Amino acid sequence: MGYLDLDEISQVLFLLLRSPFFAPLALWFLPHLAAQGDKRSLYYLSHIKSKSARPLPSSDQAKEPLQIVIHGQMLLDNGDLETAAQRFKESMDISKPVEAPYSFDALFPAKVRQPWEAYGSLMETLGKHEEAKEAYTIGSTEYDHPRAYKLLLPDLLKSGDLVKYEEYLTKVAMGNDVLACYQLGNLFLTLHLMHEGNEGGKSAQNKEEMLLVSRYGKNESRQLAAEWYEIAVAGGHARAALAMAGLLRQQNKGEEGLKYLQIAEKSSDYLELAAKLRGSWNDSPFTFDLRDIIR
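Its first residue numbered 964, the sequence shown is counted upward by one per residue in my numbering.
Structure (structure tokens):
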């Protein structure tokens, strides 16, 4: 039986697991597939700690990275943090970017973390932030994973490396993270307002801010802010709609901006801020401070 045949049969069985009528049959058959090397079945049986009538490879002897992660999670669930950390580290050290079997994520009933994330998360729990950062860096440089970039953002912001912060935040946003899209809109709006400050005699506060401001012109930063806000609004982010409304009103596009303001007003979280923006809507010149939205 070839690998593709095993995978196709395993997909059918995992669909049957969702049925109360056919789940017992699927559970009876899964050990047979696992014994023949089907990874999805083997991972699942390890995860549920199944007492199979068929002999399965011992979890503590596992050599496949994702199965090692599952064994580490079992140890973690039992309170053995030290051994779990060793297993997570082992899986991270032996693995390169891991591709799960076809349709694995969609069918597997529990999320199996990548080795770098499992190890980094446990290091954070243990207060070992440098080890966690190293793991997340592997997740970004070797896996190019949006989650890894997201986990590195707080340290980048704290260090003041705004150029890399913008790069990583963009990668997170491009991974369909609505909050990151909103935050990226805020970043570009801030750059736009800095350009306005420069025209009024105010400059960026430090070298990193100056470097980032110099990469994007006034109009470009405003356009990028609008584009990322619009994506965030499409994802249901009400405060992004508020920012978009203010940005359009600042450009004297009041009619278009009102559509976004009405979206924001539907959210009870921003009624006060939306009311303040609407109160300034007909002022000439426009008096609302857009910084109030991104604070």
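Idealized CB from N, CA, C, for every residue including glycine. On a predicted model such as this, the values are computed, not experimentally measured, just so you know.
Under 8 angstroms between the Cβ atoms of residue i and residue j?
i, j, result
"Leu1253", "Leu1125", "no"
"Leu1142", "Tyr1128", "no"
"Cys1144", "Trp1079", "no"
"Ala1206", "Gly1160", "no"
"Ala1095", "Glu1087", "yes"
"Leu1114", "Gly1083", "yes"
"Gly1220", "Leu1211", "yes"
"Ile972", "Leu996", "yes"
"Gln1225", "Phe1249", "no"
Below 6 angstroms CB to CB, which residues in the same chain sit around residue i once its five sequence neighbours on both sides are set aside?
i, result
"Ala1238", "none"
"Glu1228", "Ala1237"
"Tyr1099", "Gly1083, Ala1111, Leu1114, Leu1115"
If you draw a straight line from the alpha carbon of residue i to that of residue j, how long is it in whole angstroms?
i, j, result
"Pro1064", "Leu969", "With a pLDDT of only 48 at Pro1064, under 50, the local geometry of the prediction cannot be trusted, and the value read off the model is given with reservation. One C-alpha to the other measures close to 11 angstroms."
"Ala1047", "Arg1110", "21 angstroms"
"Asp1001", "Leu976", "12 angstroms"
"Met1137", "Ala1197", "14 angstroms"
"Gly1123", "Glu1171", "7 angstroms"
"Arg1202", "Ser1243", "17 angstroms"
"Asp1118", "Arg1003", "36 angstroms"
"Met1055", "Pro1028", "7 angstroms"
"Ala1081", "Thr1133", "24 angstroms"
"Ser1247", "Glu1130", "37 angstroms"
"Leu978", "His1108", "28 angstroms"
"Leu980", "Pro987", "8 angstroms"
"Ser1013", "Leu993", "In this prediction, Ser1013 has a pLDDT of 43, which is less than 50 and means its spatial position is unreliable; what the coordinates show is noted afterwards. Answer to the nearest angstrom: the Cα atoms are 10 angstroms apart."
How far does the alpha helix (DSSP H) with residue i in it extend, from its first residue to its last?
i, result
"Met1086", "1078-1088"
"Tyr1192", "1181-1197"
"Gln1213", "1201-1213"
"Ser1177", "1170-1178"
"Lys1096", "1092-1104"
"Ser1058", "Where Ser1058 is concerned, there is no enclosing alpha helix (DSSP H), given that its DSSP letter is neither H nor E."
"Asp1118", "1109-1122"
"Pro1248", "From DSSP, Pro1248 is part of no alpha helix (DSSP H); its letter is neither H nor E."
"Arg1241", "1234-1242"
"Glu1130", "1125-1136"
"Gly1000", "Element bounds for Gly1000: n/a, residue is neither H nor E."
"Pro1028", "1028-1040"
Go through its chain and collect everything with a Cβ distance to residue i's Cβ below 8 angstroms, but skip five positions before and after it.
i, result
"Leu1039", "Ala1047, Leu1085"
"His1158", "Val1176, Gly1180, Lys1181, Ser1184"
Near residue i, which residues of its chain fall below 7 angstroms by C-beta distance, leaving aside the five closest residues on each side in sequence?
i, result
"Glu1053", "Ile1031"
"Arg1050", "Ile1031, His1034, Gly1035, Leu1038"
Tell me whether residue i, by its Cβ, gets closer than 7 angstroms to a heavy atom of the ligand SAH.
i, result
"Val1075", "With respect to the ligand SAH, the structure offers nothing, as it holds no ligand at all."
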